[in-house]
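Novice: Under the UniProt record's numbering, the first residue of the sequence shown carries the number 1, and numbering increases by one thereafter.
C-beta atoms are modelled at their ideal positions from N, C-alpha and C, and glycine is treated no differently.
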Amino acid sequence: MEDEDEDDNIEVDPITGEPVDCGGSWNIVWDLQSTHGTRIARQHYAVHIGFPGKLQPEMIATFREISKLWHQFLEGSSAGEKDKEKRSKKNAPKRKQDSQVTGQQSRKRRKTAQEVAQKNDMTEGLRALLGPKATWRSEKQAESMRAIMSLKTDQTAINVLPTGAGKSILFMLPAVMQLTGTSIVVVPYVALMDDLVTRATAMGVDCIRYRTSMSAGREEVPQAARLVVVSADIVSSDQFFGYADGLLCAGLRKRIFINKCHTVIMDISYRAKLGELIGLRRFGCPIVLLTATLPVVLEDWFRGEMLAKSAIAVRDRTVKLNCQYQVQQVKPEKGALEERTVEVIGQLDREITGRQKGVIYCRSKKQCEAIAKEIGCGFHYSGMSEKDRVEARSVWVDGRASRWIAATTGLGTGIDIEGIVAVVHMEKPYGLVDFVQQTGRGGRRVGEVVKSIVVHDGRPERPDANRSFVDSINQAQIEAFISTPGCRRAVISAFMDGIAGETCNDVDGASLCDQCKLIRKQEEEEEETEEDNTGSEAEHETDDCKESGKDDDLGKARGTIWNRFGIEEGMRVRTLFRWLDEVAEECPVCHVRHYQKGLEVPDKQRHQQAEQWCETVAEEGYETVRKKLRFKELSCCFICKLPLDWCGETRKEDGSCVYKDKLLLVVLMGLRSWRVRDVAKRQFGISIKDKEEFYRWLGVERRFHGMKGINAHALWEVIIWEAYEGGKYWF
C-alpha cells in the first residue's frame with residue numbers, strides 16, 4: 001500500500017476524465033468556467049452574471065475552448081438521431097425540381113428583403129447623424145458601409161477613402177443603428193482620439209475614450225458605450241483585453257475598427273506598439289481597416305502584415321482636387337530656410353480672411369518652438385502634456401492668438417478642422433504618405449482651396465542603414481515629388497493610386513500645381529511665337545474681295561436660315577456662317593487660336609500645302625480619329641459634318657463639300673487645348689479625358705437651332721461664340 005500512487009484513489013469524472021476530489025485541491029475545469037470550484041459547485045452555488053467581466057484574459061480564453069468541447073459533446077449525443085434522419089432522407093423519394101426552385105427563390109427573396117432592411121437602417125442612421133436630408137458623400141463611402149455591415153465573424157475589410165471623404169461616419173453610423181452592439185475604434189494618435197470623441201459626442205453618439213484607469217481598483221463592471229475609442233499604445237494591454245472580453249460576455253462587442261491603419265507599416269519603425277495591433281484578431285470579431293493613404297504598391301505587404309490576405313477591399317482615388325502644390329528651394333545657408341518660411345507665411349497670411357487658418361509642419365520639436373516664436377503662434381507636438389496640447393489646439397481653432405500653428409506629425413493625421421487653407425512644410429516631409437496625410441488637413445469643406453507649399457534647402461536625406469524598405473520607398477517618393485520636372489500631382493497619383501502619367505490637366509476640376517502652371521505658360525508663349533512668325537509672312541486681302549467671290553445662291557440660303565430666328569439666336573447663326581467664310585482658305589485651328597488670344601488673323605492661307613492644318617489630336621492622326629466617329633444617318637453631312645441644311649455640297653458643280661475639315665477640326669481641339677476642354681466641361685459636363693466616351697457623345701442627336709443636329713454642332717457653336725466674343729469682331 002505504501003508503494004501505491006496517491007493518484008490511484010482519486011475519483012475520475014466518467015465523461016470528462018477530470019479528477020474529482022471535493023475535499024482536496026482538485027477542481028474540474030467545467031466548474032472553474034462558472035467561476036467557482038468543484039466543492040462550491042456541489043453546494044449548488046450561483047454567481048452574479050456581472051462577475052465574469054473580472055476574469056483574467058487567459059482564463060477566459062481557456063473557458064472559450066471548454067465551451068467548444070461542450071458543443072462537440074452535445075452534438076455527439078445527438079449523432080444517433082442525425083443518423084436516423086439521414087437514413088430517412090436516403091430512403092425517401094427525391095424532391096421535385098420545382099420544389100428546389102421554389103426554395104431557391106424563397107432564399108433570394110429573404111436575402112433581398114434583408115438587404116433592403118439594412119439599406120433602410122443605414123439611411124435612417126445617416127440622417128440621425130447628419131440631418132434629415134443627409135446623403136452619402138460618394139458611392140464608395142456607401143459601398144464601404146454596406147461591406148462593413150455585411151462582415152461575418154473573423155472577416156476583414158480594407159477601406160481606402162480620400163481625406164475628407166467621411167471615413168469617421170463608417171464607425172459612427174453603427175453606433176446609432178439598432179441592434180449593432182459596441183464598436184471599438186483604435187487610433188494611433190492622442191490628438192486624433194480626442195478629436196474623434198469630441199466630434200462623435202457632438203453628433204449625439206454614445207461615445208467614450210477608454211483609459212487604463214477606467215476599471216482599475218473598481219468593483220463595478222467597466223463602463224460600456226456604443227462607441228469606444230482607444231489608443232493604439234494601450235489596446236494590447238491585459239487591462240484592455242479584459243475590458244473587451246467583458247463586452248463580449250455582455251453580448252455587446254461586435255466589430256473593431258483600426259483608423260489610420262497605414263501607420264502599421266509606415267510608422268512601426270519608431271512606434272513598435274503598432275505592430276501589436278495584429279493581436280486584435282484574438283477577439284474573433286470583424287475587423288475594419290480604414291485609411292486614406294495606403295499606396296497600391298504596398299497593399300500586398302500590408303495585407304500580409306495584418307493577416308488580411310483575403311480581406312474585402314473598397315478603394316477610392318486619393319486625388320485632392322482643391323490642393324495647389326508648390327515647392328520652393330533656398331540655398332543651403334544658415335537661417336535661409338527659416339527666413340524663407342517666414343516670408344511665405346507672411347504672403348499667405350495676407351490672403352487669409354475671416355476664420356481661415358494655416359499649419360506649419362516641422363520635422364522636430366525644436367523647429368516647432370523656433371518658428372512659432374518667430375511668427376507669434378502656438379505649437380503642438382507629442383512631448384507636450386495632454387492639457388497643453390488641447391489648449392494649443394483650442395486657441396488655434398478659435399483664432400484667439402494667431403491663425404497659424406506649428407506642429408509635428410501628430411497633428412497631421414485625422415484632425416478634422418474647418419477653415420485650413422494653407423499648409424506649409426519647413427523642410428521636406430518624411431515621406432509622400434506623410435505629406436498626403438498632412439495636406440489632407442486642409443480644404444475639407446465645400447469651396448475651400450488649400451495651398452500646399454514645401455520650403456527646403458536641397459540637402460539630401462541622411463543615409464540610414466536601418467531604414468526599412470517601406471520607409472525607403474516612402475522617402476524616395478517624396479524626393480521624386482520635390483524634384484520632378486513634370487506634374488507633381490502625377491507623382492502622387494502613380495504612388496497612391498497606381499495611375500501613371502495623370503497630370504493636373506488630365507483631372508477634371510483639379511487645381512494646377514506650380515509645374516503645370518509653368519508648362520502651360522510656356523506652351524502659350526510658344527503658340528504666340530509661332531503664330532506671330534507665320535502671321536508676318538501672310539499677305540492681306542480686303543474683306544470686299546473675299547465677299548465678292550462667294551456663291552450668290554449660298555448667300556441666299558444662309559439668309560433664309562438665319563432669318564427664321566429671333567435677333568439673339570439669329571446673331572449666333574450669323575456668327576457661325578461668318579466664321580465659315582473666314583476659314584474657307586485658312587486653317588480653322590489657327591484661326592480660333594488667334595481670336596482666343598486677341599491676335600490679328602491673317603486673311604490668306606497660312607499653310608503652304610492644302611489640308612496641312614495644325615494638329616488637334618494627341619497621339620493619333622486626325623484622319624484616324626475621324627474614321628472612329630460615328631454619326632446617325634441624315635443627322636449631318638457625311639463629309640463636312642455640318643447640318644444638312646447648312647451644307648453647300650449640292651451647290652458645287654463637282655459635288656464636293658465647301659467646308660470639309662472645318663467643324664470637326666475645331667471640335668477635336670479639346671484633345672490638345674485646355675481652353676476647349678474647359679468649355680466642354682463647363683457647358684455640357686462632358687469630360688474629354690475619356691476619348692471613347694467623348695467620340696460617342698459627339699454623335700448623339702439633338703435639336704440645333706430648330707433643326708436636326710448632333711452634340712458636335714452644339715460644342716462647335718459654343719467654341720466659336722466664346723472665342724469670337726459673340727461676333728463683336730464682325731458685327
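In chain order, what residues of the same chain have a beta carbon less than 7 angstroms from the beta carbon of Ala147, not counting five sequence neighbours either side?
Specialist: In the sequence shown, the residue the question calls residue 147 occupies position 147. Within the same chain, Ala157, Ile312 and Val314 come within 7 angstroms of Ala147 by CB-CB distance, once the 5 residues on both sides are set aside.
Novice: Check whether the stretch 485-505 and the stretch 316-326 are in contact - that is, three or more C-beta pairs closer than 8 angstroms.
Specialist: yes
Novice: Please return the same chain residues whose Cβ sits closer than 6 angstroms to the Cβ of Met177, not counting the five positions on each side in sequence.
Specialist: The sequence position of residue 177 within the sequence shown is 177, counting from 1. Answer for Met177: Asp121 and Gly125, listed in chain order.
Novice: Classify Ser150 as helix, strand or coil using the three-state DSSP reduction.
Specialist: Position 150 of the sequence shown, counted from the first residue, corresponds to residue 150. DSSP places Ser150 in coil when its eight states are reduced to three.
Novice: Buried or exposed for Leu74, please, with buried defined as at least 16 other CB atoms from any protein chain shown within 10 angstroms of its CB.
Specialist: As a first step, residue 74 must be located in the sequence shown, where it is residue number 74. Its Cβ having fewer than 16 others within 10 Å, Leu74 is exposed.
Novice: On the premise that Val235 lies in contact with Tyr186, defined as a C-beta separation below 8 angstroms, what is that separation, rounded to the nearest angstrom?
Specialist: Locating residue 186 in the sequence shown gives position 186, counting from the first residue. Locating residue 235 in the sequence shown gives position 235, counting from the first residue. Reading off the sequence, residue 186 comes out as Val, not Tyr. Correct: roughly 5 angstroms between the Cβ atoms.
Novice: Hey, how far is the Cα of Arg520 from the Cα of Arg682?
Specialist: Within the sequence shown, the letter at position 520 stands for residue 520. Within the sequence shown, the letter at position 682 stands for residue 682. In a straight line, the C-alpha of Arg520 is about 20 angstroms away from that of Arg682.
Novice: Which term fits Phe684, buried or exposed, when burial requires 16 or more other beta carbons within 10 angstroms of its beta carbon?
Specialist: Position 684 of the sequence shown, counting from 1, holds the residue named residue 684. That one is exposed.
Novice: Taking buried to mean at least 16 other C-beta atoms within 10 Å of its own C-beta, is Ser673 buried or exposed?
Specialist: Along the sequence shown, one-based indexing puts residue 673 at 673. Ser673 should be labelled buried.
Novice: With a CB to CB cut of under 7 angstroms and the five nearest residues on each side skipped, what residues in its chain are close to Glu722?
Specialist: Position 722 of the sequence shown, counted from the first residue, corresponds to residue 722. Around Glu722: Val679.
Novice: Apply the 10 Å Cβ neighbour rule to Glu717 and answer buried if 16 or more other Cβ atoms are within range, or exposed otherwise.
Specialist: As a working note, residue 717 is residue 717 in the sequence shown. If you draw a 10 Å sphere on the C-beta of Glu717, you find 16 or more other C-beta atoms in it, and that means buried.
Novice: Expressed to the nearest angstrom, what Euclidean distance is found between the alpha-carbon atoms of Val288 and Leu151?
Specialist: Taking the sequence shown and counting its residues from 1, one reaches residue 288 at position 288. Taking the sequence shown and counting its residues from 1, one reaches residue 151 at position 151. Taking the straight line from one Cα to the other gives about 9 angstroms.
Novice: Pull up the distance between the alpha-carbon of Asp349 and that of Gln326, whole angstroms please.
Specialist: Taking the first residue of the sequence shown as 1, we reach residue 349 at position 349. Taking the first residue of the sequence shown as 1, we reach residue 326 at position 326. When rounded, the distance between both Cα atoms is 16 angstroms.
Novice: Within 10 angstroms of its Cβ, does Lys632 collect 16 or more other Cβ (buried), or is it exposed?
Specialist: Working through the sequence shown from its first residue, we reach residue 632 at position 632. Lys632 counts as exposed, since fewer than 16 other C-beta atoms from the protein chains shown sit within 10 angstroms of its C-beta.
Novice: Look at the alpha carbon of Ile268 and the alpha carbon of Ser472, and state the distance between them as a whole number of angstroms.
Specialist: Indexing the sequence shown from 1 puts residue 268 at position 268. Indexing the sequence shown from 1 puts residue 472 at position 472. Rounded to the nearest angstrom, the two C-alpha atoms are 13 angstroms apart.
Novice: Rounding to the nearest angstrom, what Cα-Cα distance links Asn711 and Ser452 in this structure?
Specialist: What you label residue 711 is simply residue 711 of the sequence shown in a count that begins at 1. What you label residue 452 is simply residue 452 of the sequence shown in a count that begins at 1. Near 39 angstroms, if we compare the C-alpha coordinates of Ser452 and Asn711.
Novice: How would you label Trp70, buried or exposed, when you count the other beta carbons within 10 angstroms and need 16 or more for buried?
Specialist: In the sequence shown, counting from the first residue as 1, residue 70 sits at position 70. Trp70 should be labelled exposed.
Novice: The beta strand (DSSP E) with Tyr325 in it runs from where to where?
Specialist: On the sequence shown, residue 325 is found 325 positions in, with the first residue counted as 1. Tyr325 -> beta strand (DSSP E) spans Cys323 to Gln329.
Novice: With a CB to CB cut of under 8 angstroms and the five nearest residues on each side skipped, what residues in its chain are close to Arg355?
Specialist: Along the sequence shown, one-based indexing puts residue 355 at 355. Cβ within range, chain order: Gly399, Glu418 and Gly419.
Novice: Count the other CB atoms, across all protein chains shown, that sit within 10 Å of the CB of Thr341; report buried if there are 16 or more and exposed otherwise.
Specialist: Reading the sequence shown from its first residue, position 341 is the one you call residue 341. By the neighbour-count rule (16 or more Cβ atoms within 10 Å), Thr341 is buried.
Novice: Would you mind stating whether Asp233 and Val390 have Cβ atoms separated by less than 8 angstroms?
Specialist: Within the sequence shown, the letter at position 233 stands for residue 233. Within the sequence shown, the letter at position 390 stands for residue 390. No, the pair does not count as a contact, with Cβ atoms beyond the cut-off.
Novice: Apart from the five residues on each side of it in sequence, which residues of its chain come closer than 8 angstroms, Cβ to Cβ, to Ser548?
Specialist: For this step, residue 548 is matched to residue 548 along the sequence shown. The predicted model places Ser548 with a pLDDT of 45, which falls under 50 and marks its position as unreliable, so this point remains unresolved.
Novice: Which of the three DSSP states, helix, strand or coil, is assigned to Ile258?
Specialist: For this step, residue 258 is matched to residue 258 along the sequence shown. Assignment of Ile258 by DSSP, reduced to helix, strand and coil, places it in the strand class.
Novice: Give the straight-line distance between the Cα atoms of Val455 and Tyr724, rounded to the nearest whole angstrom.
Specialist: By 1-based counting over the sequence shown, the position of residue 455 is 455. By 1-based counting over the sequence shown, the position of residue 724 is 724. One C-alpha to the other measures close to 43 angstroms.
Novice: Could you name each continuous beta strand (DSSP E) segment of 3 residues or more that falls completely within the UniProt domain "Helicase C-terminal" (347-492), going from the start of the chain to the end?
Specialist: 357-361, 378-380, 404-407, 420-426 and 450-456
Novice: Classify Ile184 as buried or exposed, calling it buried when 16 or more other Cβ atoms lie within 10 Å of its own Cβ.
Specialist: Indexing the sequence shown from 1 puts residue 184 at position 184. Here Ile184 is buried: its Cβ has 16 or more other Cβ atoms, across all protein chains shown, within 10 Å.
Novice: By how many angstroms is the C-alpha of Leu170 removed from the C-alpha of Asp300?
Specialist: Looking up residue 300 in the sequence shown gives position 300. Looking up residue 170 in the sequence shown gives position 170. If I take the Cα positions, the gap works out to 23 angstroms.
Novice: Please state if the CB of Gly335 and the CB of Asp154 are separated by a distance shorter than 8 angstroms.
Specialist: Position 154 of the sequence shown, counting from 1, holds the residue named residue 154. Position 335 of the sequence shown, counting from 1, holds the residue named residue 335. No, the pair does not count as a contact, with Cβ atoms beyond the cut-off.
Novice: What's the gap between the Cα of Thr182 and the Cα of Val197?
Specialist: Against the sequence shown, residue 182 aligns to sequence position 182. Against the sequence shown, residue 197 aligns to sequence position 197. In a straight line, the C-alpha of Thr182 is about 15 angstroms away from that of Val197.
Novice: Measuring straight from C-alpha to C-alpha, what distance separates Gly486 and Glu479?
Specialist: Here residue 486 corresponds to residue number 486 of the sequence shown, with the count starting at 1. Here residue 479 corresponds to residue number 479 of the sequence shown, with the count starting at 1. Spanning the two alpha carbons is a distance of roughly 13 angstroms.
Novice: What first and last residue would you give for the beta strand (DSSP E) that runs through Lys273?
Specialist: Against the sequence shown, residue 273 aligns to sequence position 273. Careful: Lys273 lies outside any beta strand (DSSP E) and carries neither H nor E.
Novice: Does Ala216 pass the burial test, meaning 16 or more other C-beta atoms within 10 Å, or should it be called exposed?
Specialist: In the sequence shown, the residue the question calls residue 216 occupies position 216. Any reading at Ala216 needs caution, since the residue's pLDDT is 44, under 50, leaving its predicted position unreliable; the model's value is listed next. Exposed is the call here.
Novice: Would you say Val359 and Val423 are within 8 angstroms of each other, going by their C-beta atoms?
Specialist: Translated into the one-based positions of the sequence shown, residue 359 becomes position 359. Translated into the one-based positions of the sequence shown, residue 423 becomes position 423. In contact: Val359 and Val423 (Cβ atoms closer than 8 angstroms).
Novice: For Cys362 versus Thr408, is the C-beta distance shorter than 8 angstroms?
Specialist: Reading the sequence shown from its first residue, position 362 is the one you call residue 362. Reading the sequence shown from its first residue, position 408 is the one you call residue 408. The answer is yes: Cβ separation under 8 angstroms.
Novice: If you draw a straight line from the C-alpha of Pro582 to the C-alpha of Arg630, how long is it?
Specialist: Residue mapping note: residue 582 aligns to position 582 of the sequence shown, counting from 1. Residue mapping note: residue 630 aligns to position 630 of the sequence shown, counting from 1. One point to set straight first is that residue 582 is Glu, not Pro, in the sequence displayed. Spanning the two alpha carbons is a distance of roughly 28 angstroms.
Novice: Considering only C-alpha positions, which residue in the set Arg226, Asn159, Tyr381 and Ile256 is nearest to Arg303?
Specialist: For this step, residue 303 is matched to residue 303 along the sequence shown. Comparing Cα-Cα distances from Arg303 to each of Arg226, Asn159, Tyr381 and Ile256, the minimum goes to Asn159.
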